[in-house]
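Counted the way mature numbering (1 follows the signal peptide of the UniProt record, and there is no 0) counts, the sequence shown spans residues -29 to -1, 1 to 880.
Backbone N, C-alpha and C define an ideal beta-carbon position, used for all residues, glycine too.
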Amino acid sequence: MYHAPLKNTLSRLSIGLVATALLASGATAAVTAEAAGNTASAALPNAGPIDARWADSRSAERRARALLRRMTLDEKIDMLHGEVNFYYGFYNAPIERLGIPALTMADGPAGVRIANPDVNDQQATELPSPLALAATWNAGLAQEYGERAGDEAHRTGHNVLLAPALDIARVSQAGRAFEAFGEDPLISGRIGGAVIRGIQENPVLADLKHYNVYTQEQNRLIGGNAVVDERTLQEIYTRPFDIAIQEGDPATAMCAFNKVNGTYACENDYLLNEILKVQLEFEGWVMSDYGATHSTVASILNGMDQEMPGDFGGDDCFFCAPLAEAVDAGDVPVSRINDAVMRILKPMFALGLFDEPATVRPLPEEENGDFAREVSEQATVLLKNRRGTLPLDDDLDSIAVIGADADHAVQGGGSSQVLPTYTVSPLEGITERADGATVTHAPGNEPVTSTALLPGPDPIPSEFLRSALDDEPGVRVEYFDNPGRTGTPELDRTEPYAGIFGGFYLFEGFNAASPHFPRQSNENTSGIRWTGTLTAPVTGTYELTVTTNGATTLYLDDAPVITTETAPEPTDPGVHTYEVDLVEGQEYDLRAEFSIGASASTDFGSAFKLGWVPPDEVVEPSIAEAAEVAADADVAVVFARDYASEGGDRPNLDLPNAQDDLIREVAAANRRTIVVLTASAAVQTSDWEDDVRAVLHNWYGGQEQGSAIARILFGDVNPSGKLPLTIPVDEESTPVSDEDQYPGDGLDQQFSEGIFVGYRGYEERGIEPSYPFGHGLSYTKFDYRRLVLSSNTRGRGSARATKSVKVSVDVRNVGRRRGSETVQVYVGNLPTRRVDTAEKALAGWAKVDLRPGQRRRVTVNLDPQSFSYWDTARDRWRTPDGRVPIYVGSSSDDLRLAGSVRISGGRNR
């Protein structure tokens, strides 16, 4: 019988109360330590001792094998599952008898998410998002990014950092696109590999995730199935993991929530054993994502090594007693258990977890803040700059800063969210840098919250509403602890508009909503009532809309006008419409009553939004006020954001809460209007980009985003970022715009575009984007000359094979400012008729910094795999013989020079 080894774990009192919500959401531990019952008082509870017996000079392999021989079967199995511990993201408790330290894990794609309230007030450096890092096209900077994140992890009591993510941005509105490195396998793999190297410069293990083909949030927890052909699986989705393993050697990898070709990723023998461990020669261990384990025998035999979070203290742990029973029954050989344990122990020894325990120490806050600013500066992409509008002159008298969220630092939600040590908002950064110029801020739009993830029109703005509680702008909201809304409400207050999207998005520390909207939680959301009055701004026909997943009734002047039943799937809220004629200046009573089952209100979240489509002539007063402020200024800078988070995809690429209207009205009032996007990934710009002079994309720019943006606006820094993904005209104009591709045919997502993902697909289908992959302007200009191509081919006859290709080009700064250019090299169609290949595929790049007039010879060694395709008949990479076009330029659509090179595959033909 399995007996869990004695471990110093947190009390499991109350864990059952939160386990269901966490599992259903896929969240890492978002609940504070107090929610776990009795807690330890030490800053680093449950870390375990470091045993001098293992602190010797033998190799990691020998030390691990020596320790393995001392372990009982129960102790081995205990290494293969975690325990819920709300001081950490994931946690595997120490085995004190043998001096095996705990694995104390932190979420960390964009900095360390600290769950322990006793550590630095849970604050760490909020780095720019990984997608922003990819926009730097700077592997050296990426390595430092990883090194600083790993150092902060170690200084805050962690020895595993759950980063980086290498998920390809296949879907433009994917909720977690900002957590990874874009749409191209090469840049994803190389930037990811550099981050891994940096993290593991510390006694901290990097975790490569989410393996594999994890491209969307919709249906991720209910069996969403990526139906993908073998060639696409290898060339697009596995390739970044291959590169990152070669260049970074990560200690661990995380298998994803979704299915791939009908089998869950965490029990997929082909993905985990055949590809990851054999083909890619990955030597670390595979852990599950939070609650992504669905079996015992299938998971362990098919390649998963460790279940997370593991033991909730109930019967839901597949790798606890059930695994021991499977071994006793002969269903799982002990050799497989030993293999899994060795895969964990070896990197623990190799990277110093037995020798250098994580201890709480002060963070270098100022130094790391400066680094966050540097990344944000290099990441910022100048999308457009008509008439040299940027940089701004120092002699400006007045600047209008527009946007409800311009006065705080924007970041993404979910498990990657970081509580920053400090922030510099765009408004603060511009005011500080403006050197005496008058800076005036006008919000212009409603604050952005997780309701932006709900389908349907924007919420009715607060300016047209009056709360029944205090007659202030907005609506009265009463939150009840029961679906019937009986008794006294647990919370009764005025909010700017009628909307909530709970569950995952409202977990403590996961909510990236604007601070201007009162903070919400999942408590007392099973029954909600909104009441107030609506004043019609003009006479005309209005559409009132209710987006909801619960049983809802909307009353207009006490008459029910929309009634809905609870949605069949709480994760699929519907949009319901009522058309009504309203009279200008007249007040109408509004009341909305919402209820949903208690489990749904915590598992997937209460979803409700009261929206509208008013007559075309309606202009929100706050937008008109912002336009007036802009008209009186020398220049107007509009900050526009989206809301993105783990747990759900964006419904479209629109800027929420009438920000498109805001930009157009401001641009009409001031011809020198600049838009700065502080957004997750691609957003729709086509509705207003012709109306404005300049556009910058700062992504989620980290805690120093305001300083970085100001320094770029005023020319202290010359922008050098390049897009790591394509910005389409809209979500319908992409290579993945058919419904069976996304969100899918039922649970099946058809990857029918094949290898033509991202810019490859735009090219292949002739779709014109708003801004192409690799695009990014500068305040200077660069000239390309003297392209020389050379190949290193070895062997004779049938063994003659191309080993490498080198591209050399002269790049000269022909402008008046110092600047950096990313020289991009693309490979054209491969010389084969066996398969279709991309017209352009990124094969390498180099970033060069040049003074005005300076010329430099730039050499790029191309990735040899760029000249190959996956041969499904032979299950291997195949390099054809013949000439291959080579293109060199400033983006995938701005190719300055072209040539060709002869390649040979040798016996690999």
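- For L361, which residues of its own chain have a beta-carbon under 6 Å away from its beta-carbon, when the five flanking residues on both sides are left out? Taking L361 as the centre and dropping the five residues before and after it, the same chain places the C-beta of A665 closer than 6 Å to its C-beta, in chain order.
- Query: Hey, S616 and Y476 are a contact pair by Cβ (cut 8 Å); roughly how many whole angstroms apart?
  - Reply: Yes, S616 and Y476 are in contact; Cβ-Cβ is about 6 Å, under 8 Å.
- Task: Go through the region 323 to 384 residue by residue and report every complete run of the alpha helix (DSSP H) that reaches 4 residues or more, in order.
- Result: For the region 323 to 384, whole alpha helix (DSSP H) runs of length 4 or above, ordered along the chain, are 336 to 350.
- Message: Quick check: what's the CA-CA separation for Q674 versus N339?
- Response: Rounded to whole angstroms, Q674 to N339 spans 10 Å at the Cα level.
- Task: With DSSP as the reference, label C237 as helix, strand or coil.
- Result: Reduced to three states, the DSSP call for C237 is helix.
- 7 Å Cβ shell around Y733 - same chain, five flanking residues per side excluded: Closer than 7 Å at Cβ, skipping near neighbours: T697, P706 and P740.
- Query: In terms of alpha-carbon separation, which member of A652, A380 and T773 lies closest to S761?
  - Reply: Answer by Cα proximity: T773.
- Is the CB-CB distance between G400 and A484 below 9 Å? Not in contact: G400 and A484 (Cβ atoms no closer than 9 Å).
- Message: So, at 6 Å on beta carbons, what are the nonlocal neighbours of A377 in its own chain, with the 5 sequence-adjacent residues on each side left out?
- Response: Scanning its chain for C-beta atoms nearer than 6 Å, with the 5 sequence neighbours on each side dropped, one finds around A377 the residues P397, L398 and F610, in chain order.
- Item | A35 and G729 closer than 9 Å at C-beta | It is not a contact, given that the beta carbons lie outside the stated cut-off.
- Task: Quick one: using the 10 Å Cβ neighbour count with 16 as the cut-off for buried, is I499 buried or exposed?
- Result: Using a 10 angstroms sphere on the CB of I499, the tally of other CB atoms reaches 16 or more, which defines it as buried.
- Query: What three-state label does DSSP hand H125 in the structure shown?
  - Reply: Residue state, collapsed to three classes: helix.
- Got a sec? Which residues, its chain only, sit under 6 Å from R357 by beta carbon, not counting five neighbours each side? Closer than 6 Å at the Cβ level, and outside the excluded window around R357, lie R664.
- What are the complete alpha helix (DSSP H) segments, minimum 4 residues, inside the region 100 to 183? Given a length threshold of 4 residues, each whole run of the alpha helix (DSSP H) inside the region 100 to 183 is given here in chain order: 101 to 106, 110 to 126 and 156 to 170.
- I533 - partner residues in DSSP beta bridges: DSSP output for I533 lists L525 as bridge partner(s).
- Unbroken beta strand (DSSP E) run spanning K774, endpoints: Start and end: A772 to N784.
- Closest by C-alpha distance to T126, when choosing among A165, I170 and S159: The amino acid occupying residue 126 in the given sequence is Arg; Thr does not appear at that position. Looking at the Cα atoms, I170 is the closest of the given residues.
- CA-CA distance, Y513 and A601? Going by the C-alpha atoms only, they are around 29 Å apart.
- Other residues of its chain near E810: CB distance less than 8 Å, five sequence neighbours each side excluded: Short of 8 Å from the beta carbon of E810, and not among the five residues preceding or following it, lie these beta carbons of its own chain, in chain order: R731, E734, E735, G799 and N800.
- Between D178 and chain B, is there a C-beta pair that is closer than 9 Å? Here chain B cannot be found, since the structure has a single protein chain.
- Query: So which of G284, T392, S497 and P823 has the shortest CA-CA distance to L98?
  - Reply: Nearest C-alpha to L98: T392.
- Flag this pair as yes or no: are the beta carbons of R404 and D687 separated by less than 9 Å? It is a contact, given that the beta carbons lie within the stated cut-off.
- Message: Suppose only complete runs of 4+ residues qualify. What are the alpha helix (DSSP H) ranges in the region 581 to 634, listed by chain order?
- Response: Runs of the alpha helix (DSSP H) inside the region 581 to 634: 592 to 602.
- Query: Can you round the beta-carbon distance between V780 and Y755 to whole angstroms, since I take them to be within the 8 Å contact cut?
  - Reply: Rounded, the Cβ-Cβ distance is 6 Å, consistent with contact.
- How would you write the range of the alpha helix (DSSP H) that E403 sits in, first residue to last? Looking at the DSSP string, the run of the alpha helix (DSSP H) that includes E403 is P397 to R404.
- Exposed or buried, what is A7 when buried is set at 16 or more other beta-carbons lying within 10 Å of its beta-carbon? Legend: pLDDT at A7 = 34, less than 50; position of this residue unreliable, value from coordinates given subsequently. A7 comes out buried.
- Item | Among A311, E296 and G677, nearest to A380 - alpha-carbon criterion | That would be G677, whose Cα lies nearest to the Cα of A380.
- Item | Spatial neighbours of K248 in its chain, beta-carbon cut-off 7 Å, leaving aside the 5 residues before and after | G274.
- Query: Whose C-alpha, out of D846, F838 and E702, is nearest the C-alpha of S143?
  - Reply: The shortest Cα separation from S143 among D846, F838 and E702 belongs to E702.
- Message: Do A124 and A73 have their beta-carbon atoms positioned less than 9 Å apart in this structure?
- Response: For A73 and A124, no; Cβs fall outside 9 Å.
- Which class does V707 belong to by DSSP, given the choice of helix, strand or coil? Here V707 sits in coil by DSSP.
- Query: In chain order, what residues of the same chain lie with their CB nearer than 7 Å to the CB of E417, ignoring the 5 residues before and after it?
  - Reply: Contacts found: A375, P430, P432, S433, P467, Y468 and N628.
- Quick check: the region 653 to 662 against the region 322 to 334, are there 3 or more CB pairs under 8 Å? No, the region 653 to 662 is not in contact with the region 322 to 334.
- Task: My understanding is that G672 touches T649, with C-beta atoms under 8 Å, so please give their C-beta distance in whole angstroms.
- Result: Confirmed, about 6 Å.
- Message: Are the CB atoms of T537 and T516 within a distance shorter than 9 Å?
- Response: Contact: no.
- Taking DSSP as the reference, what is the three-state secondary structure of D282? The answer is strand: DSSP assigns D282 an E or B state.
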